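Per the UniProt record's numbering, residue 1 is the first one in the sequence shown, and the count goes up by one each step.
Note that the Cβ used here is the ideal one computed from N, Cα and C, for glycine as well.
Everything numeric in this text was worked out from a predicted model, so none of it was measured.
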Amino acid sequence: MAEQLVEISDTEVRIEFTLNSKCRANVTMKSLSPTAPIAFKVQTSSPHKFLVSPPTGLIPPLSSTTFRVVLKPQTHYPSSFPRSHSDRILIKTAPYHSDSAADSEFLSQWFSSLPSTVDFKLRVAFVGASLLRHAVGCGDVDSARNIIKRQRSVLSELSRGESESLLRVAAELVNPDNMVNLLLESGLKVEPVEADADSEWKSKGWNELHVVAASDRMQEVSDLVKRVSDVDHRDKEGRTPLYIAAANGNRRMVETLIEFGADPTAADYCGRSAVDVARDNGHEEVLKALERGEMVLTAARRGEFQLLESLLRRGAAVNYRDQYGLTALHAAAIKGLEKTVALLLKFEADIESRDNDGHTPLHLAAVAGGVETVEALVKRGADVNAVSNGGSTPLSIARALLHDDVVQALINKPGM
Numbered sequence: 001m002a003e004q005l006v007e008i009s010d011t012e013v014r015i016e017f018t019l020n021s022k023c024r025a026n027v028t029m030k031s032l033s034p035t036a037p038i039a040f041k042v043q044t045s046s047p048h049k050f051l052v053s054p055p056t057g058l059i060p061p062l063s064s065t066t067f068r069v070v071l072k073p074q075t076h077y078p079s080s081f082p083r084s085h086s087d088r089i090l091i092k093t094a095p096y097h098s099d100s101a102a103d104s105e106f107l108s109q110w111f112s113s114l115p116s117t118v119d120f121k122l123r124v125a126f127v128g129a130s131l132l133r134h135a136v137g138c139g140d141v142d143s144a145r146n147i148i149k150r151q152r153s154v155l156s157e158l159s160r161g162e163s164e165s166l167l168r169v170a171a172e173l174v175n176p177d178n179m180v181n182l183l184l185e186s187g188l189k190v191e192p193v194e195a196d197a198d199s200e201w202k203s204k205g206w207n208e209l210h211v212v213a214a215s216d217r218m219q220e221v222s223d224l225v226k227r228v229s230d231v232d233h234r235d236k237e238g239r240t241p242l243y244i245a246a247a248n249g250n251r252r253m254v255e256t257l258i259e260f261g262a263d264p265t266a267a268d269y270c271g272r273s274a275v276d277v278a279r280d281n282g283h284e285e286v287l288k289a290l291e292r293g294e295m296v297l298t299a300a301r302r303g304e305f306q307l308l309e310s311l312l313r314r315g316a317a318v319n320y321r322d323q324y325g326l327t328a329l330h331a332a333a334i335k336g337l338e339k340t341v342a343l344l345l346k347f348e349a350d351i352e353s354r355d356n357d358g359h360t361p362l363h364l365a366a367v368a369g370g371v372e373t374v375e376a377l378v379k380r381g382a383d384v385n386a387v388s389n390g391g392s393t394p395l396s397i398a399r400a401l402l403h404d405d406v407v408q409a410l411i412n413k414p415g416m
């Protein structure tokens, strides 16, 4: 048996799953070699689902490094969870005795030339509050138990509203006893819910998203946004769910709703927006979250690279959308700002985000005719066959506008 070269932080990669969102997990490796650097290469069994950053690298002697596994946004729950039956992470390792520089492409080729490597296979497990709620709703006691076992904090981190909602879902099952007992015995803390709460919400003209925003039920947002046709639905006073979250000072909820396209400028019937109510109520952190998203889009439109980078490093919403559904990546793409596009992708901007007309950033890059921007997006995996609401693809747009170099860049994309 080959000598082990590195120590891995865990035997499985645990990813906190949320529908329609990028989900991440970090894996740490520690070199056991006292002299030579250890080269590593990370591969996945499902490259269409996962990204790895960095995919290759060197670990100095007796040092540690971390790579990130990113699950691309998924429109359906995993077919098996918490442990995936089909997904694996393969880590290849080997001593690196050369003094030559070793970038990612070189290391990838170098590994291909080796007669043998020391390999590790990690299983993938999906956890998180959203998946727990799904398991509870399906009456899947075993999966719920295994999620809780793998993620002890999943119940304690729920807000009161989230805990009450989860218990209510369990209690409405055909055979609720086992699930309810599991949740309570595992530490779910709940308080009595007012009997007239539902009628109170209806009297205000709230939809489900208003209720979730007001109750701080974070794990339900992704599911609801998929079902609710209008993320900016107004109640009887013209208030949107984002307005309610901002009024309550709930920064996490505000940031999540913005990521899903909620409009911070939507005003109630008195002319006050989420920005106004956050400012009036003294919720400074919420106000920053609301204003930073708009600033990201503005900085991208103007090509203000340093300001944009500063905003993103401070946690501003990279996927903020304006009333037309445009994101910063759309804005940079149509301006042909290749450097700005690269920066936004570095901060995990949604490369397939669509505006209100169904245009992706690649559509708009094709409109602009910037071949470097098109190539940058294609290289990062942009869908060259994406179809807008009007039936256009990036290629059809480039041909119509006689952008021959863009046409060639798109045609030369593998799979075209």
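By the neighbour-count definition (other C-beta atoms within 10 Å, threshold 16), T340 is a buried residue. Counting along the chain, the unbroken beta strand (DSSP E) around E7 starts and ends at 6-8. Using a Cβ distance threshold of 9 Å, S31 and I8 do not count as a contacting pair. With fewer than 16 other Cβ atoms from the protein chains shown falling within 10 Å of its own Cβ, S229 counts as exposed.
Within 10 angstroms of the beta-carbon of Y269 lie fewer than 16 other beta-carbons, which makes it exposed. Look at K92 here: in three-state DSSP terms it is strand. In the structure shown, the three-state DSSP call for I38 is strand.
Under the DSSP assignment, G137 falls in the alpha helix (DSSP H) whose first and last residues are 129-137. Beta-bridge pairing by DSSP links L122 to I89. A Cβ-Cβ distance of about 12 Å is found for the pair L182 and V154, leaving them out of contact under the 8 Å criterion. Spanning the alpha carbons of F67 and N281 requires a straight line of approximately 41 Å. Two segments are said to touch when three or more pairs of C-beta atoms, one from each, lie closer than 8 Å; by this definition the region 401-409 touches the region 369-376.
G57 has F40 as its beta-bridge partners, per DSSP. Around the CB of Q109, fewer than 16 other CB atoms lie within 10 Å, so the residue is classed as exposed. In the DSSP assignment, A25 falls within the beta strand (DSSP E) that extends over 23-31. Per the coordinates, the alpha-carbon of N175 lies some 22 Å from the alpha-carbon of P82. For V296, the uninterrupted alpha helix (DSSP H) segment begins and ends at 284-302.
Closest by C-alpha distance to G205, out of N412, R234, V275, A332, is R234. The distance from the Cβ of L242 to that of L257 is about 5 Å, consistent with a contact at the 8 Å cut-off. Secondary structure at L71: strand, using DSSP grouped into helix, strand and coil. Secondary structure at V318: coil, using DSSP grouped into helix, strand and coil.
In the three-state scheme derived from DSSP, where H, G and I count as helix and E and B as strand, I258 is classed as helix. Sequence-distant partners of V124 (beyond 5 residues in either direction) whose C-beta falls short of 6 Å from its own C-beta, in its chain, are V13, S84, D87. With contacts defined by Cβ atoms closer than 9 Å, A333 and G369 do not form a contacting pair.
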